[in-house]
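Chains as they are written, first to last, in the numbering used here: chain E, 1 to 260; chain X, 1001 to 1214. All residues carry an ideal CB built from backbone N, CA and C; glycine is no exception.
Quick look at the structure:
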């Protein structure tokens, strides 16, 4: 009797510990209401900016970011002042909208404030991007914005079908990161799906020696790629230097094939 | 024997050339004309999907009745800008080379929001529109015979109406990559090269005949 209760307790503790370690795949998100804008359709997008666990949907507070804008035709355009606060599940998030005046690819980017994660005893900064194509000019999606760390797509990041391969290169300070670790998560927007077991929540892949990774996306929806690097003890929490996780996050939308 | 081998060679060359030509057009994919209104002027940009600009391409502007009110050509940057000659909506059609065609519409609202249709010289503009002429007429030339203007107007209207389904069909077929024009162009190449082959062969043959006559 005693033995079995100890066994149960041990199992529970193991599950809890495992559960905790699996649950903490943070993703900064920038999700536009559409990623291909046409002259015939709506010429603007709404943007949803939040810090969350995309599959499980747990929200975290997000302070007003250090930087938020759009990179278009080789230039950064600051949009920080357009951000309006939004509350999602009681947590701070941000939203804005943007109207496209000219054709081409628009790279939306955010450099958030460092987030203190007590459970991991470190800070998290996820530099995040997503691309919106406007008016049939497919130019600019492969450009570098020049963030501290970023993923540069090697596949045009829109007009992607379910099952297609996404490839990208992870850069830190403008240089490829050999064997970078990348976490991949599907945005469970309607919360209709569950993971059969924890490893299905966050997929883990590694880049090759040139910092290039690939991943085939098995389902329609938004897929987030977070390439994580160690930023060193550059920030302090209560006077003590702490580790900083630098993330290069990239969001890609995948569409099912459409029947006539 | 020589004749057949020559024919076969010329056909093969023709096929290669036509394939090469088709590849060149299909690389370019879809073409787009994008229009926006700013400070009373309509700005257009024409480009292929990969960012290549459509240079020196014809742009036509139609009013809401389908009458052509303006034509122009894109510049080195694929741009063509104009002061709207009449009220919206305006249909702007791009005719790029090799049968690529695209169109866009600037709505009445877009024109109004962009502070368009300046109020200067409304009379001249109105007359230009009514005449269906493609370019602005200078005040001196306004005095042209009205019957001719009217005839032109009626002709334009009828032609536009009759041609509309054909243009639509053409536009649709063009969006699928290879247009009827491309097919004919390809056939033209094949026949042309075959012709040259046969011609060259004939010269040779004649030369031989002459030698034989000697």
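Looking only at its chain, what residues have a beta carbon closer than 7 Å to the beta carbon of residue i, apart from the 5 residues adjacent to it on each side?
i: residue 168 of chain E; result: 151, 152, 153, 154, 213, 225, 250
i: residue 1023 of chain X; result: Per-residue confidence for residue 1023 of chain X stands at a pLDDT of 38, beneath the threshold of 50, marking its modelled position as unreliable; the derived number appears in the next sentence. Cβ within range, chain order: n/a, list empty.
i: residue 242 of chain E; result: 121, 122, 123, 233, 235, 236
i: residue 104 of chain E; result: 72, 73, 134, 137, 139, 140
i: residue 176 of chain E; result: 169, 170, 210, 211
i: residue 14 of chain E; result: Residue confidence is low: residue 14 of chain E scores 49 on pLDDT, short of 50, so the model does not pin down where it sits. Its coordinate-derived value is still stated next. Closer than 7 Å at the Cβ level, and outside the excluded window around residue 14 of chain E, lies no residue.
i: residue 1074 of chain X; result: 1046, 1054, 1055, 1056, 1057, 1059, 1080
Rounded to whole angstroms, what is the Cα-Cα separation between residue i and residue j?
i: residue 1198 of chain X; j: residue 1189 of chain X; result: 14 Å
i: residue 1055 of chain X; j: residue 178 of chain E; result: 43 Å
i: residue 29 of chain E; j: residue 50 of chain E; result: 5 Å
i: residue 161 of chain E; j: residue 115 of chain E; result: 34 Å
i: residue 1096 of chain X; j: residue 61 of chain E; result: 52 Å
i: residue 148 of chain E; j: residue 57 of chain E; result: 27 Å
i: residue 78 of chain E; j: residue 1060 of chain X; result: 37 Å
i: residue 37 of chain E; j: residue 1051 of chain X; result: 16 Å
i: residue 44 of chain E; j: residue 99 of chain E; result: 4 Å
i: residue 1112 of chain X; j: residue 1039 of chain X; result: 10 Å
i: residue 42 of chain E; j: residue 33 of chain E; result: 10 Å
i: residue 1156 of chain X; j: residue 1077 of chain X; result: 31 Å
i: residue 1084 of chain X; j: residue 1048 of chain X; result: 25 Å
i: residue 256 of chain E; j: residue 180 of chain E; result: 29 Å
i: residue 1036 of chain X; j: residue 1043 of chain X; result: 5 Å
i: residue 129 of chain E; j: residue 252 of chain E; result: 9 Å
i: residue 219 of chain E; j: residue 1186 of chain X; result: 42 Å
i: residue 1151 of chain X; j: residue 1106 of chain X; result: 28 Å
i: residue 245 of chain E; j: residue 238 of chain E; result: 18 Å
i: residue 1176 of chain X; j: residue 231 of chain E; result: Any answer about residue 1176 of chain X is weak, because its pLDDT of 46 lies below 50 and its placement is not dependable; what the coordinates show is given next. Looking at the two C-alpha atoms, the distance is approximately 50 Å.
i: residue 156 of chain E; j: residue 1206 of chain X; result: 59 Å
i: residue 108 of chain E; j: residue 143 of chain E; result: 12 Å
i: residue 1195 of chain X; j: residue 166 of chain E; result: 50 Å
i: residue 260 of chain E; j: residue 85 of chain E; result: 41 Å
i: residue 146 of chain E; j: residue 112 of chain E; result: 15 Å
i: residue 1065 of chain X; j: residue 207 of chain E; result: 59 Å
i: residue 163 of chain E; j: residue 254 of chain E; result: 8 Å
Using a C-beta to C-beta distance shorter than 8 Å, which residues of chain X count as neighbours of residue i?
i: residue 135 of chain E; result: 1032, 1034
Here's a check: name, in chain order, each residue in its chain whose Cβ is nearer than 6 Å to the Cβ of residue i, leaving out the five neighbours to either side.
i: residue 96 of chain E; result: 47, 82, 83
i: residue 59 of chain E; result: 52, 88, 89, 91
i: residue 1100 of chain X; result: 1031
i: residue 209 of chain E; result: 178
i: residue 76 of chain E; result: 69
i: residue 195 of chain E; result: 201
If you count every other CB in all the chains shown that lies within 10 Å of the CB of residue i, and 16 or more means buried, which is it?
i: residue 1063 of chain X; result: buried
i: residue 229 of chain E; result: buried
i: residue 39 of chain E; result: buried
i: residue 126 of chain E; result: buried
i: residue 193 of chain E; result: exposed
i: residue 258 of chain E; result: exposed
i: residue 240 of chain E; result: exposed
i: residue 198 of chain E; result: exposed
i: residue 27 of chain E; result: buried
i: residue 200 of chain E; result: exposed
i: residue 248 of chain E; result: buried
i: residue 189 of chain E; result: exposed
i: residue 1204 of chain X; result: exposed
i: residue 172 of chain E; result: buried
i: residue 35 of chain E; result: buried
i: residue 31 of chain E; result: buried
i: residue 54 of chain E; result: buried
i: residue 1008 of chain X; result: exposed
i: residue 1192 of chain X; result: exposed
i: residue 1114 of chain X; result: buried
So which residues of chain X does residue i contact, with C-beta pairs closer than 9 Å?
i: residue 34 of chain E; result: None at all; the shortest Cβ gap to chain X is about 17 Å.
i: residue 139 of chain E; result: 1047, 1049, 1050, 1051
Could you tell me which chain X residues have their CB closer than 7 Å to the CB of residue i, listed as they occur along the chain?
i: residue 101 of chain E; result: 1036
Residues of chain E with CB closer than 7 Å to the CB of residue i, please, in chain order.
i: residue 1044 of chain X; result: In chain order: nothing, as chain E lies at least about 11 Å away.
i: residue 1104 of chain X; result: 39
Counting only the same chain and skipping the five closest in sequence on each side, list residues whose C-beta sits under 8 Å from that of residue i.
i: residue 184 of chain E; result: 202, 203, 204, 205, 215, 223, 224, 225, 226
i: residue 1109 of chain X; result: 1088
i: residue 106 of chain E; result: 70, 71, 72, 98, 100, 131, 132, 133, 134, 140
i: residue 80 of chain E; result: 64, 65, 67, 68, 69
i: residue 1103 of chain X; result: 1033, 1091, 1092, 1093, 1094, 1171
i: residue 1081 of chain X; result: 1041, 1042, 1043, 1044
Quick one: which chain E residues come within Cβ less than 8 Å of residue i?
i: residue 1074 of chain X; result: Ordered by position in chain E, no residue passes the 8 Å Cβ test against residue 1074 of chain X, which lies about 14 Å from the chain.
Is the Cβ of residue i closer than 8 Å to any Cβ of chain B?
i: residue 159 of chain E; result: The structure shown has no chain B; the protein chains it does contain are E and X.
Exercise. Note down, in chain order, all residues in the stretch 36-58 of chain E with a beta-carbon under 7 Å from any beta-carbon belonging to chain X.
Key: Going along the stretch 36-58 of chain E in chain order, one finds 39 with a Cβ nearer than 7 Å to chain X.
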